[in-house]
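Everything below concerns the one structure shown next.
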Amino acid sequence: MSKVLVLGAGVSGLTSALSLIETFPDSIKELTIISSEFPGDYHSHDFASPWAGANWCSFASNSDKYQIIRDKFTYLKFLELSERDPRTQIKKFPVKHIASKEKETPWFIKENFVKDLTKITPEELRERNFDPDKFVGWQFTTVSISPNLYNNFLLSQLKTHNVITKRIQRIEHIEEVIDILGYTPDLVINCSGINGGKILSELDPEEADKVYPVKGQILQIYEDLPFQIMGDDLPTADIPLEDEFLNIFPRPEGGCIVGGIMRANDGSRNEIDGLFDNIERIAKRHVPELQKFTVFNKYVAIRNARKGGVRIEFSNYVMKSHKGNLNVVHNYGIGGSGYQSSFGSAKQVCELSTGVLGKKT
Ligand SMILES: Cc1cc2nc3c(=O)[nH]c(=O)nc-3n(C[C@H](O)[C@H](O)[C@H](O)COP(=O)(O)OP(=O)(O)OC[C@H]3O[C@@H](n4cnc5c(N)ncnc54)[C@H](O)[C@@H]3O)c2cc1C
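Using mature numbering (1 follows the signal peptide of the UniProt record, and there is no 0), the letters of the sequence shown correspond one by one to residues -17 to -1, 1 to 344.
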């Protein structure tokens, strides 16, 4: 029987913990989650999970077969949860996904993977101020997730499995978990987001500089919309800022989030000059259904991305300040896809844990 520690209580840590406890019920004696922040905390802009949109619309490039596997698995899981378990508060919506004709068609359209896939007509594109000679659009079924509601659901599920939680100050080095616990766990799952590489600076120095922030900005409005809309590319007439796109997701409990931007290597709390006005103007230009809306919240938040993509990998480290070795499975640096690949990533975490926890039961 093993003792497992999950470091981090964002969507990656919570989903990894739940998948582990469900996959290895006979070999995990104790599972502890330690983290500086937990669901419900909003004080930290670089704790990514509370600030997400969140929806499923894979960003995996057509050649990234491992990310595609993770995203596919999660899409099907989310659809199933939306139908089977109202406690998740995951809700199905159609999404209108509009992109430049110059771009490669995304894998989930090419493969006809997503449910209820149709093409948006040239008339609708024109009504939405997208020139059908330059833009193409598809509609399919996806999900909206309210991060706070959903992450609290995951935590409540973990509590039914007697998972222990402990709030800690941010650690500098991964070996500090041993002093906090008072023992060396058989396995550590590193889901510490923006600090996923930094806490390895002694054991795995090459990782320290690989994780980087990607800024996002979001408005929240009271009004509802019966669909999501995503404009990956925007017409020049919109006068968008660099890295700006259009994202509107109705939330399961009501109201919508309106975004946004993906600005790499900016981890500051400051809002980008003029961006909130731009987001509002561009949303109204492309969504006639939202000619008037009332903003009740605006925020800046950070995604944690990693050069080379998410790290889902097993490491056996010889420790520097403690005796013995430390088994670690990493799951950090997922960027803007933490929800939409969460169950696929957690499945891979379980596969990499079999060396320590034995065969799946
Ligand atoms: C504006 C915005 C919109 C987004 N929209 C979507 C979307 O539509 N769909 C989607 O799939 N994703 C979306 N994302 C991305 C998604 O939010 C992230 O990918 C996801 O939340 C990452 O989760 P995580 O658990 O890996 O990291 P985090 O949520 O950052 O969690 C890290 C955890 O580790 C803990 N921690 C960190 N460092 C330490 C330390 N040193 N010591 C102790 N504890 C530590 C933190 O307290 C926290 O609990 C969006 C993100 C943003 C900002």
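Just so you know, even glycine gets a beta-carbon here, dropped at the ideal spot from N, CA and C.
Whose CA, out of the options, lies closest to the CA of residue i?
i: Tyr58; options: Asn38, Ser44, Asp47 and Asn45; result: Asn38
i: Ile163; options: Gln152, Asn173 and Ile172; result: Gln152
i: Leu62; options: Ile73, Ala191, Asn314 and Leu208; result: Ile73
i: Gly176; options: Phe210, Arg268 and Tyr315; result: Tyr315
i: residue 349; options: Gly327, Tyr166 and Lys79; result: Because the chain is modelled from -17 through 344, residue 349 falls outside the range shown and cannot be assessed.
i: Asp207; options: Lys198, Glu272 and Lys12; result: Glu272
i: Lys55; options: Pro22, Ile92 and Arg67; result: Ile92
i: Tyr166; options: Gly307, Gly338, Cys174 and Glu20; result: Gly307
i: Arg289; options: Leu(-11), Leu202, Ala247 and Phe113; result: Ala247
i: Tyr25; options: Val197, Val146, Asn131 and Gly338; result: Asn131
i: Pro105; options: Val97, Phe96 and Gln122; result: Gln122
i: Phe228; options: Arg234, Met245 and Gly238; result: Met245
i: Thr71; options: Glu236, Gly319 and Asn253; result: Glu236
i: Lys275; options: Pro188, Lys117, Lys198 and Ile204; result: Ile204
Give the C-beta separation of residue i and residue j to the nearest angstrom, bearing in mind that I take them to be a contact with Cβ-Cβ under 8 Å.
i: Leu170; j: Val(-14); result: 5 Å
i: His80; j: Gly120; result: 6 Å
i: Leu202; j: Phe259; result: 6 Å
i: Phe232; j: Ile240; result: 5 Å
i: Lys149; j: Thr6; result: About 23 Å separates the two Cβ atoms, so there is no contact after all.
i: Ile285; j: Val194; result: In fact, because the Cβ distance is near 11 Å, the residues do not count as touching under 8 Å.
Going by DSSP, name the residue or residues bridged to residue i.
i: Pro233; result: Cys239
i: Leu309; result: Tyr300
i: Val(-12); result: Ile16 and Ile172
i: Val278; result: Ile204
i: Arg109; result: In the DSSP output, where bridge partners are listed per residue, Arg109 has none listed.
i: Gln211; result: Val78
i: Pro196; result: Asn287
i: Gln152; result: Per DSSP, none; premise fails for Gln152.
i: Val119; result: Ala82
i: Lys181; result: For Lys181, which the question treats as bridged, DSSP gives no partner whatsoever.
i: Arg294; result: Tyr315
i: Lys102; result: Trp121
Is residue i near ligand 1, going by C-beta to nearest heavy atom under 6 Å?
i: Ser328; result: no
i: Ser19; result: yes
i: Phe56; result: no
i: Arg286; result: yes
i: Tyr166; result: no
i: Phe30; result: yes
i: Asn112; result: no
i: Tyr205; result: no
Could you pull out every residue in the same chain whose Cβ sits closer than 8 Å to the Cβ of residue i, ignoring the five residues on either side in sequence?
i: Arg109; result: Pro115
i: Glu158; result: Glu185, Leu186, Met302, Lys303, Ser304, His305 and Leu309
Keeping to the same chain, check which residues put their C-beta closer than 6 Å to that of residue i; ignore five residues upstream and five downstream.
i: Lys75; result: Ser65, Thr124 and Val126
Measure from the C-beta of residue i to each C-beta in chain C and report whether the shortest distance is under 7 Å.
i: Pro8; result: The structure shown contains no chain C; it is built from a single protein chain.
Can you list, in chain order, the residues of its chain with a C-beta nearer than 7 Å to that of residue i? Leave out the 5 residues immediately preceding and following it.
i: Asn134; result: Val(-7), Leu(-4), Pro22 and Ser32
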